[in-house]
Structures are given as structure tokens and as C-alpha cells.
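Colleague: Quick one: structure below, then a few questions.
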Amino acid sequence: MEENLEYRILGKSGIKVSAISFGCGGVGGIMVADDYQLIVRSVERALEAGINYFDTAQAYGNGRSEENLGRVLHELKPDVIVGTKVQLTANDMERIEEKIIRAVETSLRRLRMERLDLVQLHNPINLKRQPEKRCVGVDDLQPTMRAFQKLQLAGKIHHWGINGIGETEAIHRGVADYGAETIQVCYNLLNPSAAYKMTHTYPFQDYQQLIRLSAERQVGIIAFRIIAGGALTAKNYRHPMASTSVEPVASSNEYAADVALAAKFRYLVSENWADNMAEAAIRFGLNQPDIATIPIGLSSLDQLEQAITAVGKGALPSEALDRLPEIWQKF
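Residue numbers (our numbering): 367 to 697.
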């Protein structure tokens, strides 16, 4: 029986997506694991709950995530929306159009699909290209756009987007100048700068309200790392299914430091605004109406149930958020 999930519009794409989506990455681990029956049960439960967007990438498990997702969706045949991502290597950057087109064709084969709902560039965006770090330059978005437009004309993809990590100025230029339909934005309690104006003492990357800029241009926003790779549970324990280590994005240099910072938000649980820290983190993301969907990386069916319960409770009340700016100022 379908739960009472909220649905939101993914920017100018017009796609209606569930407010939380099925994250198929390696951090959670389910979709790159060997336990295919667990994959099936997890996807079936997500579908039952009303989750209709599945977020994968070629880089997740070196293609394994796409292959597993393709297999289970081929068997179940649900009416869902699938988004994947292509990542250019250093050797690809002199032939960006050709490499993107070939990569998308590879994804289509792995996913057993004739057309993809959404494909996004997975590389970070800097002002200048840094091939050794797999960072494209902002000017590389021109051939990227041409490749995606050719794929649209060929009927192989519906929509395309970019990655919202890299250098803040470059990302803002990418949103403003290149017509992307979607963007992945890093957003969580540890780094809320994509939505909130931060003080000059804030120690992490300041995305300078990237969410507002994207929404103004009707770019659909997919918020990733909502639980900071697990750190916002405020526990060092990692599930056996999950990746053994996590590289933080736009927060501390080490995962353990993020876990320590997460403890500053425990009041959200102790004062009964949420039942646990993971719920608090997810519901914090729901407070931003311009965020269309939040992919949740999963290590177990229990985590999926917690996410479904969290979104069913809706956004955190405004009173729960009042103390946050003071906490961020003390980082």
C-alpha cells in the first residue's frame, strides 16, 4: 500500500518526483552489493511506499549499480524515473562530446533501457580544468551541453543536468549560463550554505545560496549527502553493508570530525523534534521547498523504513530550526 509521500516538481523538466528518492550509490551499499534478493526487497518496498525516482551513476560500483538497478527494474517493470550520471576521466577531456555520448550508450545497455529520464555530468566544476582531479572547467560545459542535446535529439535521454560540487563561482556560472535542467546540490545540517547565508567565519565551502540561484532559473534541485554519508547519525558505527570509509563533501577533512560536529544537533532529538538524528537530517532537507528530491543512500531495509517514516512526518517545524544559525556560527 502506497504511503502518503510528498511529490515535487523537478524544475523546468516538469517531472514529478517523490520528495525522497532511492539512492543507488556505494556509500549506502545495497545497490552495489552481491545480495540480489535484498536489492529486490528494497526496491519493492520503495515502490510500495511511493518512491518513484532512482538515482544511480556509472561510478557507483564501477557500473554495478546501473547493472543491478537495470536487472531489478526489468523484472519488476514499475513506472519510475531513473537518473544516472557520467564522469569524464582525464583522458576524456579532449573529446568531451564523443565520450559523453558513448558513456550514455553504455549506461543504457547496463540499465536495459532505450531512453533515460535524466543524465547528469558527475564531474566537479572548477573555473579551470583540472584533469588530474577529474574536475572540468566551466568552459567544458559548452561541449557537455552539445553532447546532451545530441542525445536528446536522438531520443536517448529526456533531460540533463550538472553536478553542484567544485568551485562555487564556477558552479554559479554553470547554472546561469549553460541551460542545465537539473543540478545535484550538497546540502545538510553540516553545510547548509546552498540555502542559508553564512557568516565570514564559516569554515567550510560556502555555496552562496546555490539553491536560490538554481530555483530562480527553474533548475531542478536534487539534494545529496543529506545525512553527510552517515555522519549526521552522530555515530562512528558503519553498517556492514555500507562503504568502510567516507570522504566528506564540503565539510570536515575527516569523517570522524563530521560525526563529532553532528553531536551539536542532538537537541533535535532530545527536545523531541525528531525520533533520531537520521530523521532530523532528512526532515531538515524537506524544509527547503525548492529541493525536488533527496536521494537516500541505504544499507538496510530498516534504514529505508526510517526514511519513509521521516518524510511522512514532513519538514521540521520552524521552532526546531531557530537554534541552527548559532550552532553554525560556532563551527
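Beta carbons: idealized from backbone N, C-alpha and C, even for Gly. Since this is a predicted model, take the numbers as computed values, not measurements.
Do the region 672-680 and the region 394-402 touch if we need at least three Cβ pairs shorter than 8 Å?
Modeller: Verdict: no, contact absent.
Colleague: Are the region 637-649 and the region 370-383 in contact at 8 Å, needing three or more beta carbon pairs?
Modeller: No, they do not touch.
Colleague: According to the Cβ coordinates, are residue 647 and residue 576 closer than 8 Å?
Modeller: Here the question's residue 647 lines up with position 281 in the sequence shown. Here the question's residue 576 lines up with position 210 in the sequence shown. In this structure, residue 576 does not lie closer than 8 Å to residue 647 by Cβ.
Colleague: Under the rule that 16 or more other beta-carbon atoms within 10 Å means buried, what is residue 669, buried or exposed?
Modeller: Within the sequence shown, the letter at position 303 stands for residue 669. The residue is buried, with at least 16 neighbouring Cβ atoms inside 10 Å.
Colleague: What residue does the beta strand (DSSP E) around residue 389 start on, and which one ends it?
Modeller: Here residue 389 refers to the residue found at position 23 of the sequence shown. Run containing residue 389: 386-389, per the beta strand (DSSP E) assignment.
Colleague: Give the single residue among 469, 385 and 462 whose Cα lies nearest to the Cα of residue 425.
Modeller: Here the question's residue 425 lines up with position 59 in the sequence shown. For the residues 469, 385 and 462, the minimum Cα distance to residue 425 belongs to 469.
Colleague: Can you name, in chain order, every residue of its own chain whose Cβ lies under 8 Å from the Cβ of residue 687, other than the five neighbours on each side?
Modeller: Residue 687 sits at position 321 when you count from the first residue of the sequence shown. Hits under 8 Å: 650 and 653.
Colleague: Per DSSP, which one or two residues make a beta bridge with residue 374?
Modeller: For this step, residue 374 is matched to residue 8 along the sequence shown. Partner(s): 383.
Colleague: Give the single residue among 497, 484 and 627 whose Cα lies nearest to the Cα of residue 420.
Modeller: For this step, residue 420 is matched to residue 54 along the sequence shown. Comparing Cα-Cα distances from residue 420 to each of 497, 484 and 627, the minimum goes to 484.
Colleague: Which runs of the beta strand (DSSP E) at least 3 residues long sit entirely within the region 548-621? Give them in chain order.
Modeller: Qualifying beta strand (DSSP E) stretches, in chain order: 548-552 and 586-590.
Colleague: Give me the residue from 689, 681, 664 and 671 with the minimum Cα distance to residue 422.
Modeller: Residue numbering aside, residue 422 sits at position 56 when the sequence shown is read from its first letter. Residue 664 is the option with its Cα nearest to residue 422.
Colleague: Please state the DSSP three-state secondary structure of residue 492.
Modeller: Counted from its first residue, the sequence shown places residue 492 at position 126. It is a strand residue.
Colleague: Alpha carbon to alpha carbon, how far is residue 367 from residue 596?
Modeller: Indexing the sequence shown from 1 puts residue 367 at position 1. Indexing the sequence shown from 1 puts residue 596 at position 230. Low per-residue confidence applies at residue 367: pLDDT is 44, beneath 50, and the placement is therefore not dependable enough to give any value.
Colleague: Taking residue 570 as the reference, give the member of 607, 617 and 387 with the closest Cα.
Modeller: Position 204 of the sequence shown, counting from 1, holds the residue named residue 570. Nearest of 607, 617 and 387 to residue 570, Cα basis: 617.
Colleague: When you compare each of 558, 557 and 529 to residue 544 by their alpha carbons, which one comes out closest?
Modeller: What you label residue 544 is simply residue 178 of the sequence shown in a count that begins at 1. The candidate whose alpha carbon is nearest that of residue 544 is 529.
Colleague: My assumption, with CB atoms under 8 Å, is that residue 438 sits in contact with residue 612. Please give the rounded CB distance.
Modeller: Numbered from 1 along the sequence shown, position 72 holds the residue referred to as residue 438. Numbered from 1 along the sequence shown, position 246 holds the residue referred to as residue 612. That pair is no contact at about 25 Å.
Colleague: Are residue 522 and residue 482 close, meaning C-beta to C-beta below 8 Å?
Modeller: As a working note, residue 522 is residue 156 in the sequence shown. As a working note, residue 482 is residue 116 in the sequence shown. For residue 522 and residue 482, yes; Cβs fall inside 8 Å.
Colleague: Could you name the residues of the same chain whose beta carbon sits closer than 6 Å to that of residue 560, not counting the 5 residues immediately before and after it, in chain order?
Modeller: One-based indexing of the sequence shown puts residue 560 at position 194. Excluding positions up to five away in sequence, the list reads 551, 553, 573, 576 and 577.
Colleague: Just the C-alpha distance for residue 515 and residue 396, rounded to the nearest angstrom, thanks.
Modeller: Along the sequence shown, one-based indexing puts residue 515 at 149. Along the sequence shown, one-based indexing puts residue 396 at 30. Roughly 32 Å separates the two Cα atoms.
Colleague: Under 8 Å by Cβ, that's how I've got residue 587 and residue 658 pegged, so tell me the actual separation to the nearest angstrom.
Modeller: Against the sequence shown, residue 587 aligns to sequence position 221. Against the sequence shown, residue 658 aligns to sequence position 292. The pair is a contact, with the Cβ atoms about 6 Å apart (cut-off 8 Å).
Colleague: Given a threshold of 16 other Cβ atoms within 10 Å of its Cβ, counted over all protein chains shown, does residue 693 qualify as buried or as exposed?
Modeller: Within the sequence shown, numbered from 1, the residue matching residue 693 stands at position 327. It counts as exposed.
Colleague: Report yes if the CB atom of residue 493 is closer than 8 Å to the CB atom of residue 502, and no otherwise.
Modeller: Mapped onto the sequence shown, residue 493 falls at position 127. Mapped onto the sequence shown, residue 502 falls at position 136. It is not a contact, given that the beta carbons lie outside the stated cut-off.
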